[in-house]
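Participant: Okay, here's the structure, questions in a sec.
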Amino acid sequence: MSDKLKNFIVRAISGVVMFAVLLGATLLSKATFALLLFAIMLGSELEFYRLAKKAGTSPQSLIGLIAGSLMIAAAMAALYEIYAITIVAVAVFMLLIPLPLMFELYRKSETPIANVGITYAGVIYAALPMALLMFFPLILGDGEWKPWSVIFYIFIIWANDVFAYLFGITLGKHRLFERISPKKSWEGFFGGLLGAMVMGYVAAVVLDANVAMWIGLALIAAITGVFGDLVESLLKRSVDVKDSGNIIPGHGGWLDRFDALIYSVPFAFMYLVIINCI
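Residues 20 to 297 in our numbering are what the sequence shown lists, from first letter to last.
Set out below in structure tokens:
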């Protein structure tokens, strides 16, 4: 058996397992959905700090992970309408904000500004999107908890990836961002948008929701998802690594698998807030 075939089999098996876990955790309950997002946050933030250390900085990883965990806890408590816990989590989170500055006084590092900035960046990059994503089943369900809506959102991200790949390998001639990702093409980019829009339409039909809203959401998710992939490639290239980690066989690390999702969520969240306010 060739190495390429072995890699394909490993990638396919791990992909099926990952999909099963994602589907089960999302549909089972709010708690299991929150645990899934917590795992993605934890893994992604750890990998972000690992890349930062390779770049010569010394982020305060523990503070960042605690802050990210508090953000997830606050969102979960809000979903269960346990607002006392939400307030406590937010209060402790606020107290954590100045601590990295104080701790740098005792670390004797040559890069204190970069250390503090990277510590905050890890929370914003990895934890904030997962906290926001927790509310998607509620927002997309018009106040009713509809977990299938967030699954379709993830399907949109995946459809964008798949169609971009298919259009790229068959029609791709014009490079999209050669300096960062030599294989990406404009043909693949527009093919990905098409795939995402088709999936958005399917989501609207299956969920009996507004078609225009879902197609708009698909466009937002697809465009920002591409930037998410490019941003992660930029981070990896800056420290000369191929994958952000190796936790997922055949797929690499958490960031390798969820970079587009992570980056797209804040934009999609704002789109949904604006749509619901109109």
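By construction, the Cβ of each residue, glycine as well, lies at the ideal position given by its N, Cα and C atoms.
I'd like to confirm the pairing. Which residues does DSSP put opposite residue 69 in its beta bridges?
Facilitator: In the sequence shown, residue 69 corresponds to position 50, counting from 1. The partner list for residue 69 (beta bridge, DSSP) is empty, contrary to what the question assumes.
Participant: For the candidate residues 146, 117 and 125, whose alpha-carbon lies nearest to that of residue 66?
Facilitator: The residue labelled residue 66 in the question sits at position 47 within the sequence shown. Among 146, 117 and 125, the Cα nearest to that of residue 66 is on 146.
Participant: Secondary structure at residue 117, three-state DSSP: helix, strand or coil?
Facilitator: Residue numbering aside, residue 117 sits at position 98 when the sequence shown is read from its first letter. In this structure, residue 117 counts as coil in the three-state DSSP scheme.
Participant: Given a cut-off of 8 Å, decide if residue 250 and residue 282 are closer than it, judged by their beta-carbon atoms.
Facilitator: Start at 1 with the first residue of the sequence shown, and residue 282 comes out as number 263. Start at 1 with the first residue of the sequence shown, and residue 250 comes out as number 231. Result yes, Cβ atoms of residue 282 and residue 250 sit closer than 8 Å.
Participant: Could you give the DSSP three-state label for residue 88: helix, strand or coil?
Facilitator: By 1-based counting over the sequence shown, the position of residue 88 is 69. If DSSP states are grouped into helix, strand and coil, residue 88 belongs with the helices.
Participant: From the DSSP output, in three-state form, read off residue 28 for me.
Facilitator: In the sequence shown, counting from the first residue as 1, residue 28 sits at position 9. If DSSP states are grouped into helix, strand and coil, residue 28 belongs with the helices.
Participant: Thinking just about the alpha-carbon of each residue, which of 156, 118 and 245 is nearest to the one in residue 139?
Facilitator: Here residue 139 corresponds to residue number 120 of the sequence shown, with the count starting at 1. Nearest option by C-alpha distance: 118.
Participant: Please report the distance separating the alpha-carbon of residue 68 from that of residue 80.
Facilitator: Numbered from its first residue, the sequence shown carries residue 68 at position 49. Numbered from its first residue, the sequence shown carries residue 80 at position 61. Straight-line Cα distance between these residues: approximately 7 Å.
Participant: Which residue comes first and which comes last in the beta strand (DSSP E) that contains residue 200?
Facilitator: Here the question's residue 200 lines up with position 181 in the sequence shown. Start and end: 200-204.
Participant: If distances are taken between C-alpha atoms only, which option among 150, 107, 219 and 87 comes closest to residue 98?
Facilitator: Against the sequence shown, residue 98 aligns to sequence position 79. Considering only alpha carbons, the answer is 150.
Participant: Please work out which residues of its chain come closer than 7 Å, Cβ to Cβ, to residue 205, disregarding the five sequence neighbours upstream and downstream, and give them in chain order.
Facilitator: Here residue 205 is taken as the residue at index 186 of the sequence shown, counted from 1. Contacts found: 193 and 195.
Participant: Provide the residue span of the beta strand (DSSP E) that contains residue 15, from first to last.
Facilitator: Residue 15 falls outside the range modelled here, since the chain spans only 20 to 297, and no answer is possible.
Participant: Would you kindly work out how many angstroms separate the C-alpha atoms of residue 288 and residue 155, rounded to a whole number?
Facilitator: Reading the sequence shown from its first residue, position 269 is the one you call residue 288. Reading the sequence shown from its first residue, position 136 is the one you call residue 155. Those two C-alpha atoms are separated by around 8 Å.
Participant: Any idea if residue 300 is buried or exposed, counting beta-carbon neighbours within 10 angstroms, 16 or more meaning buried?
Facilitator: Nothing can be reported for residue 300: it is not among the residues displayed for the chain, which extend from 20 to 297.
Participant: Could you give the DSSP three-state label for residue 297: helix, strand or coil?
Facilitator: Taking the sequence shown and counting its residues from 1, one reaches residue 297 at position 278. Residue 297: coil per DSSP, three-state reduction.
Participant: Count the CB pairs spanning the segment 234-251 and the segment 171-180 that are closer than 8 Å, and state whether there are at least three.
Facilitator: Enough Cβ pairs lie closer than 8 Å, so yes.
Participant: Can you give me the Cβ contacts of residue 160 inside the same chain, cut-off strictly under 8 Å, excluding the 5 residues immediately before and after it?
Facilitator: As a working mapping, residue 160 is identified with position 141 in the sequence shown. The answer, listed in chain order, is 168.
Participant: May I ask you to report which of helix, strand or coil DSSP gives residue 191?
Facilitator: The residue you call residue 191 lines up with position 172 of the sequence shown. If DSSP states are grouped into helix, strand and coil, residue 191 belongs with coil.
Participant: Per DSSP, what kind of secondary structure is residue 322 in: helix, strand or coil?
Facilitator: Residue 322 lies beyond the stretch modelled for the chain, which goes from 20 to 297, so this question has no answer here.
Participant: Compute the distance between the beta-carbons of residue 260 and residue 73, then report whether it is under 8 Å.
Facilitator: Residue 260 sits at position 241 when you count from the first residue of the sequence shown. Residue 73 sits at position 54 when you count from the first residue of the sequence shown. In contact: residue 260 and residue 73 (Cβ atoms closer than 8 Å).
Participant: Suppose you measure from the CA of residue 103 to the CA of residue 225; what does that come to, to the nearest Å?
Facilitator: If you number the sequence shown from 1, residue 103 lands on position 84. If you number the sequence shown from 1, residue 225 lands on position 206. The alpha-carbon atoms of residue 103 and residue 225 are separated by roughly 37 Å.
Participant: Measuring CA to CA, which of 36, 39 and 56 is closest to residue 284?
Facilitator: Sequence index remark: in the sequence shown, residue 284 carries index 265 (1-based). Considering only alpha carbons, the answer is 56.
Participant: Put residue 173 into one of helix, strand or coil per three-state DSSP.
Facilitator: What you label residue 173 is simply residue 154 of the sequence shown in a count that begins at 1. Residue state, collapsed to three classes: helix.
Participant: Using DSSP bridges, identify the partner residues of residue 271.
Facilitator: As a working mapping, residue 271 is identified with position 252 in the sequence shown. BP columns for residue 271 point to 267.
Participant: For residue 1, which of helix, strand or coil comes out of DSSP?
Facilitator: With the chain running from 20 to 297 in the structure shown, residue 1 is simply not present.
Participant: Taking only the alpha-carbon atoms, compute the straight-line gap between residue 210 and residue 248 and give it to the nearest angstrom.
Facilitator: Working through the sequence shown from its first residue, we reach residue 210 at position 191. Working through the sequence shown from its first residue, we reach residue 248 at position 229. Approximately 16 Å between the Cα atoms of the pair.
Participant: Starting from residue 141, follow the alpha helix (DSSP H) in both directions and report where the run begins and ends.
Facilitator: Start at 1 with the first residue of the sequence shown, and residue 141 comes out as number 122. 131-141 is the extent of the alpha helix (DSSP H) around residue 141.
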